[in-house]
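Okay, structure coming up:
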């Protein structure tokens, strides 16, 4: 799913987002509620911001599991 959005800034910081109605309608149809959709968008944001990935085995070793 791709949400092409236009970001509108105020004083150099993101303030508003414009997203096509059809994109929102189709996207929300895939989720049970708005909270699930918001969680999904947050997960995508974190995934895109993450530059270092670790294997499960590395994490277990680090945690002593």
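Residue numbers (my numbering): 118 to 182.
Glycine included, C-beta positions come from ideal geometry on N, C-alpha and C.
What is the residue span of the beta strand (DSSP E) that residue i lies within?
i           : result
residue 127 : 122-127
Per DSSP, what kind of secondary structure is residue i in: helix, strand or coil?
i           : result
residue 146 : helix
residue 162 : helix
residue 173 : helix
residue 182 : coil
For residue i, which residues does DSSP report across the bridge?
i           : result
residue 135 : 123
residue 130 : 127
Considering only the beta carbon of each residue, do residue i and residue j sit closer than 8 Å?
i           : j           : result
residue 132 : residue 125 : yes
residue 148 : residue 138 : no
residue 122 : residue 136 : yes
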